[in-house]
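Residue numbers (UniProt numbering): 1 to 535.
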């Protein structure tokens, strides 16, 4: 094995050598080589943790994060706070002659690449695009709200993100508490426009390299879901594939990110959870904090059980409020009738505002149903049961933060629907465009008509459902479009604003609640942080 990071080098030398965990993987073979090295480095980490004894009581905490940063660099050194410089995605080589190429939109699942062809993105389509590669991919993440203000439009931007890994071994999993900073625009035209209207200090700042700082907490089992408490976002809940739901206090980690030079030992990576609930007995994915009542939460598992978490002194009182039909005779009585026999609760979310906010919640299940419950009700059944909302598994669900009665859902067949709680079983919008299962959906935080969807077709789509199809224009153009339609059986929907690609197996997406238009996505090859030119 190679020498441990920092064994013969000062922290200053290591910091000078540290390179980006944020990257723009332009060469496929380079990226594959990095992944091979990262995997081997993770195995080395486990061996060193077991084989070495440290005299300094805090040394293992420093060294573990140092080694982890080295692995993310694929062998390079890093400092104790794991600060990594970021490579801007939109900076092109100066002096390179531009080639004239024909640019057209790529349609996932429809278009195919000829031999020797490869996909590339158009930098002018993005206001900013940054990428981050972690030691192990994060299946789920959430965004910490921070005190830099809401509706921040002027770069550079800062974002705090908590992600949970899916490592090769159970003991190799971690929570990453990350601070992404100095995130500038990567579109040169946008930069030039900003330069004309900004002062000299702003111009100087635009040349700074973005940075990624992080702290870690060891986590038992793959992290299926991560959710941050909106009122106390230093509380983070995680669903483990070991059948446990944990609540963590990450206050020390966030403070160390904001003040890396603080005196005293760093927070330990081996911090125990604040609270653990094991009675689900099986793994799950559904998890959501209440937006109104601080500390209240829901968790749902793959056997159709939903638990209500209510805060109390020293922890939480957790009660099972819903079972799948097959468990009704076996289990203790529950408050609500649940999903159909053998069904899994894939997603749950409290209503964010309007009538019933904090009391009404929705569930999505793999029996194709969406059910809406009211915890104030004395009846066992759901307030609204869309038993045949979809013809396949409902994988994703999200209430609108602006138009509070709207509910967005996506299924295994790639279909996306928008529902109005007040109008029952007829969807307002149906988007059948993705060719593979929907993995995540999210609403724009301030625009009631805009939402995002991600799919296993390796795309993130941005939609504007306010766009209305001009039927008269369609009739006039029908003849002219007939031949084109025969060539392209699946044309782009009118409401489709943007298709983002470049990631593999995208598992979750979120609009940043405080930076309008910015989308963060996670996939097996890392994070993307981007803002398109048309939002």
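C-beta: ideal position from N, C-alpha, C; glycine also. Treat the numbers as computed from the prediction; the structure is a model and nothing was measured.
First through last residue of the beta strand (DSSP E) which encompasses residue 496: Walking along the chain shown from the start, residue 496 turns up at place 496. Boundaries of the beta strand (DSSP E) harbouring residue 496: 496-500, taken from the DSSP string.
Whether residue 442 touches residue 452 by CB criterion (7 Å): Along the chain shown, read from residue 1 onward, the residue named residue 442 stands at position 442. Along the chain shown, read from residue 1 onward, the residue named residue 452 stands at position 452. Cβ distance < 7 Å, so residue 442 and residue 452 count as in contact.
Where residue 430 falls, given that 16 or more other Cβ within 10 Å makes a residue buried: Position 430 of the chain shown, counted from the first residue, corresponds to residue 430. Residue environment analysis places residue 430 among the exposed positions, since fewer than 16 neighbouring C-beta atoms fall within 10 angstroms of its C-beta.
Residue 321 vs residue 269 beta-carbon contact at 7 Å: Residue mapping note: residue 321 aligns to position 321 of the chain shown, counting from 1. Residue mapping note: residue 269 aligns to position 269 of the chain shown, counting from 1. Residue 321 is not a Cβ neighbour of residue 269, given a cutoff of 7 Å.
Helix, strand or coil at residue 263 [DSSP, three-state]: Working through the chain shown from its first residue, we reach residue 263 at position 263. In the three-state reduction of the DSSP assignment, residue 263 falls in the coil class, being assigned neither a helical nor a strand state.
Sheet register partners of residue 552 (DSSP bridge): Outside the shown range of the chain (1 to 535) lies residue 552, about which nothing can therefore be said.
Identified DSSP bridge partners for residue 299: Numbered from its first residue, the chain shown carries residue 299 at position 299. Note: residue 299 sits in a beta bridge opposite 287, 307.
Beta-carbon contacts of residue 225 that lie in its chain and below 6 Å, excluding the five residues immediately before and after: Within the chain shown, residue 225 is the residue found at index 225, counting from 1. Exclusion of the five residues before and after residue 225 leaves 140, 239, 285, 287 as the residues of its chain whose Cβ lies within less than 6 Å of its Cβ.
Residue range of the alpha helix (DSSP H) that includes residue 253: Working through the chain shown from its first residue, we reach residue 253 at position 253. Membership of residue 253 in the alpha helix (DSSP H) is indicated by the continuous run 251-258.
Cβ contact check for the region 342-356 and the region 287-296: 3 or more pairs under 8 Å: Yes, since at least three Cβ pairs between the region 342-356 and the region 287-296 fall closer than 8 Å, the two stretches touch.
Continuous beta strand (DSSP E) stretch holding residue 429: start and end: Locating residue 429 in the chain shown gives position 429, counting from the first residue. Its beta strand (DSSP E) spans residues 429-432.
Three-state secondary structure (DSSP) of residue 421: As a working note, residue 421 is residue 421 in the chain shown. Note: residue 421 maps to helix in three-state DSSP.
Distance CB(residue 223)-CB(residue 164) smaller than 7 Å: Numbered from 1 along the chain shown, position 223 holds the residue referred to as residue 223. Numbered from 1 along the chain shown, position 164 holds the residue referred to as residue 164. Yes, Cβ-Cβ distance for residue 223 and residue 164 is below 7 Å.
Cβ pair count under 8 Å reaching 3, the region 382-396 against the region 310-324: Taking a cut-off of 8 Å for Cβ pairs, the region 382-396 and the region 310-324 do not touch, as fewer than three such pairs fall below it.
Separation of residue 302 from residue 280, as counted between CA atoms: Taking the first residue of the chain shown as position 1, residue 280 is located at position 280. Taking the first residue of the chain shown as position 1, residue 302 is located at position 302. Roughly 9 Å between the two C-alpha positions.
Span of the beta strand (DSSP E) around residue 519: For the purposes of this step, residue 519 is taken as the residue at position 519 of the chain shown. Boundaries of the beta strand (DSSP E) around residue 519: 518-523.
Range covered by the beta strand (DSSP E) that runs through residue 165: The count along the chain shown starts at 1 and reaches residue 165 at position 165. Start and end: 157-165.
Nearest candidate by alpha-carbon position, reference residue 366, set 184, 437, 117: On the chain shown, residue 366 is found 366 positions in, with the first residue counted as 1. The shortest Cα separation from residue 366 among 184, 437, 117 belongs to 437.
Reduced DSSP category for residue 354 - H, G, I as helix; E, B as strand; rest coil: Stepping through the chain shown from its first residue, residue 354 is reached at position 354. Coil.
Reduced DSSP category for residue 324 - H, G, I as helix; E, B as strand; rest coil: By one-based count along the chain shown, residue 324 stands at place 324. Residue 324 sits in coil when the DSSP states are folded into three classes, being neither helix nor strand.
Residue 122 versus residue 128 - alpha carbon distance: Within the chain shown, residue 122 is the residue found at index 122, counting from 1. Within the chain shown, residue 128 is the residue found at index 128, counting from 1. If I take the Cα positions, the gap works out to 12 Å.
Beta-bridge partners of residue 227, as assigned by DSSP: Mapped onto the chain shown, residue 227 falls at position 227. Looking at the DSSP output, residue 227 bridges to 237.
Rounded Cβ spacing between residue 511 and residue 519 (contact assumed at less than 8 Å): Here residue 511 refers to the residue found at position 511 of the chain shown. Here residue 519 refers to the residue found at position 519 of the chain shown. Distance from residue 511 to residue 519 at the Cβ level is roughly 6 Å; contact confirmed, criterion being Cβ atoms closer than 8 Å.
Where residue 125 sits in the DSSP three-state scheme: Residue numbering aside, residue 125 sits at position 125 when the chain shown is read from its first letter. Correct three-state label for residue 125: helix.
Neighbourhood of residue 231 by C-beta, 7 Å cutoff - its chain only, sequence neighbours within 5 removed: Stepping through the chain shown from its first residue, residue 231 is reached at position 231. Sequence-distant partners of residue 231 (beyond 5 residues in either direction) whose C-beta falls short of 7 Å from its own C-beta, in its chain, are 294.
Nearest candidate by alpha-carbon position, reference residue 316, set 439, 455, 299: Taking the first residue of the chain shown as position 1, residue 316 is located at position 316. The option with the nearest alpha carbon to residue 316 is 299.
Beta carbon of residue 210 nearer than 7 Å to that of residue 157: Here the question's residue 210 lines up with position 210 in the chain shown. Here the question's residue 157 lines up with position 157 in the chain shown. No, the Cβ-Cβ distance between residue 210 and residue 157 is not below 7 Å.
Alpha carbon of residue 523 to alpha carbon of residue 378, nearest angstrom: Sequence index remark: in the chain shown, residue 523 carries index 523 (1-based). Sequence index remark: in the chain shown, residue 378 carries index 378 (1-based). C-alpha separation (whole angstroms): 42 Å.
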